[in-house]
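Heads up: the protein sequence lines correspond to chains A and B, in order.
Reading the first sequence from the start, the letters are residues 1 to 161 in the numbering used here.
Reading the second sequence from the start, the letters are residues 162 to 379 in the numbering used here.
Built from N, CA and C at the ideal position, the CB exists for glycine as well.
First the structure, in the form of structure tokens, and then the observations on it.
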Amino acid sequence: MSTDLHAQARTLLDRGDAPGISPAEQAWLHEHLRQCDPCRCYAELTARAIQGLSSFSFTVDPGLAARTQAALTRRAQQMEAERARRSMYLRGFALACLFTVIGSLLAWPGWAYVARRAQLAPWEWQLGFSLFWVLPSASIAMLLLVGMALGNGRSNVRSLA
Amino acid sequence: MLAATLTWAGFVDQASEARTISEGLRRRDVAILHKLVECYQYRLTRYLLYLTGRQELAEDLFQETWLRVLERGSQFDGRSRFEPWLFSIARNLTMDHFRRKKMISLDSPAGAHQENNSSSGAQQEPLGANLADRNRPSPFELAARGEDAARLAQAMIVLAPIYREVLVLRFQEQLSLQEVARVIGAPVPTVSSRLRRGLEALRAHLEVATPEGGTDVH
Chain A
1 MSTDLHAQAR TLLDRGDAPG ISPAEQAWLH EHLRQCDPCR CYAELTARAI QGLSSFSFTV
61 DPGLAARTQA ALTRRAQQME AERARRSMYL RGFALACLFT VIGSLLAWPG WAYVARRAQL
121 APWEWQLGFS LFWVLPSASI AMLLLVGMAL GNGRSNVRSL A
Chain B
162 MLAATLTWAG FVDQASEART ISEGLRRRDV AILHKLVECY QYRLTRYLLY LTGRQELAED
222 LFQETWLRVL ERGSQFDGRS RFEPWLFSIA RNLTMDHFRR KKMISLDSPA GAHQENNSSS
282 GAQQEPLGAN LADRNRPSPF ELAARGEDAA RLAQAMIVLA PIYREVLVLR FQEQLSLQEV
342 ARVIGAPVPT VSSRLRRGLE ALRAHLEVAT PEGGTDVH
């Protein structure tokens, strides 16, 4: 019998992959094991090793599942609170942006009218409009964005810890 | 099997089970997670014990794994079985843990020496050596029931984790070679080779007890 045949039989045995072995291969292996004592011994030892592994009975701390479930509940609540906070910041940011744009569009003619009545130069009232109207509203939007980013950073640190 | 405990929800086949889990994880449904923890507590702990060889560490990593499942649950698409995904998370966390501790690398210590005859990981200490040096019995010795298992427990102590993990994934978790390959992030031939080397080590320990069973190839 050639060494290749023994090697082939042992490769099939080591795979332990009965469904992955074709019926022809299974029949061949069966026949080979019937005729070859060393390979049969090899098959028996392999089966004993696999059965031996299956007979290991590890002790699992009975409280482990409960502790893990409690940790999961806490973390899920924490994540939900973070999600709600992020969503609040995001909505605030969107509203601030909206108010900045729409408010500016609506207020612009009013400022122009008052500036004409007060006989201000265009650069004067436009600077005032930028400083006292656009800038505060844009700053609020930016602060909300920064708050959201800081919150994300904190939650990442918490989850790493 | 999860299906056995979740029959109330009508999860009959594995595909629908995986889909249900996927949807639950995407919604961050804590009830589904609690059931999964119960279902997989023994199997996941056993896998982590095979990987780390330490009870306390395995339990810590067990908790970390489930927290990671909660956080990354949306990444499980439900198109394949849940087990390989779960075990790959546990494995990555274990690798991260050992990298942080700079104690061992699952892929490079004694295992790599045996597998590739490479000496690049010479500075790293194999986990098996840690287990063998300890005064108290290893989890494998504690878990051994019967004569063969006691001998195998001795083999497990000195066997590199990369071999222990393919043995548990293939023969205890009943994952296919392809699924094992996905969990450990290695090609199927590497998995086959590690299985062969792992079984070789176990057979050698059993053979010592039964010397009449020669296995020489003609």
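- Pro62 of chain A: not part of any alpha helix (DSSP H); DSSP gives it neither H nor E.
- Under a criterion of Cβ atoms nearer than 7 Å, the residues of chain B adjacent to Ala76 of chain A are, in order, Arg189, Val191 and Leu231.
- Neighbours of Thr100 of chain A in chain B, taken as residues at a C-beta separation under 7 Å, are lacking, since the least C-beta distance is about 34 Å.
- Among the residues of chain B, those whose CB is under 8 Å from the CB of Ser54 of chain A are Phe332 and Gln333, following chain order.
- Take the alpha-carbon of Ala141 of chain A and the one of Arg86 of chain A: they are about 14 Å apart.
- Taking C-beta atoms as the reference points, Ala43 of chain A and Ala9 of chain A count as a pair closer than 9 Å.
- Separation of Pro62 of chain A and Glu340 of chain B (C-alpha to C-alpha, rounded to the nearest whole angstrom) is 29 Å.
- Looking at the backbone, the Cα of Ser183 of chain B and that of Arg242 of chain B are separated by about 10 Å.
- Residue environment for His30 of chain A: exposed (fewer than 16 other C-beta atoms within 10 angstroms of its C-beta).
- Leu72 of chain A and Ile50 of chain A have their C-alpha atoms roughly 35 Å apart.
- The DSSP assignment places 191-213, 216-233 and 243-262 as complete runs of the alpha helix (DSSP H) inside the stretch 184-263 of chain B, in order along the chain (cut-off: 4 residues).
- Chain A places a beta carbon closer than 9 Å to that of His195 of chain B, counting this residue as a contact.
- If you check each beta-carbon in the stretch 37-53 of chain A against every beta-carbon of chain B, the ones closer than 9 Å belong to Asp37, Pro38, Cys39, Cys41, Tyr42, Glu44, Leu45, Thr46, Arg48, Ala49, Ile50, Gln51, Gly52 and Leu53.
- In this structure the stretch 128-137 of chain A lies against the stretch 99-107 of chain A, because at least three pairs of beta carbons, one per stretch, are closer than 8 Å.
- Scanning its chain for C-beta atoms nearer than 6 Å, with the 5 sequence neighbours on each side dropped, one finds around His6 of chain A the residues Cys39, in chain order.
- For the stretch 56-131 of chain A, the continuous alpha helix (DSSP H) assignments of 4+ residues that do not extend past its boundaries occur at 64-117 and 122-129, in sequence order.
- What Val319 of chain B touches in chain A, judged by beta-carbon distance under 7 Å, is nothing: the nearest beta carbon there is about 15 Å away.
- For Gln69 of chain A, a Cβ of chain B is located within less than 9 Å of the residue's own Cβ.
- Assignment of Glu334 of chain B by DSSP, reduced to helix, strand and coil, places it in the coil class.
- Within the same chain, Cβ atoms closer than 6 Å to the Cβ of Leu338 of chain B are found at Val349 and Val352, the five residues on either side in sequence being excluded.
- One Cα belongs to Leu356 of chain B, the other to Asp37 of chain A, and the distance between them is close to 23 Å.
- Residues of chain A with a Cβ closer than 8 Å to the Cβ of Thr206 of chain B are, in chain order, Phe58, Val60 and Leu64.
- Judged by pairs of C-beta atoms under 8 Å, the stretch 230-241 of chain B does not touch the stretch 202-222 of chain B, as fewer than three such pairs exist.
- Residue contact check for Leu33 of chain A against chain B: no CB pair falls below 9 Å.
- In this structure, the CA atom of Phe248 of chain B is about 40 Å from the CA atom of Phe93 of chain A.
- Residue environment: Phe223 of chain B is assigned as buried (16 or more neighbouring CB atoms within 10 Å of its CB, all protein chains considered).
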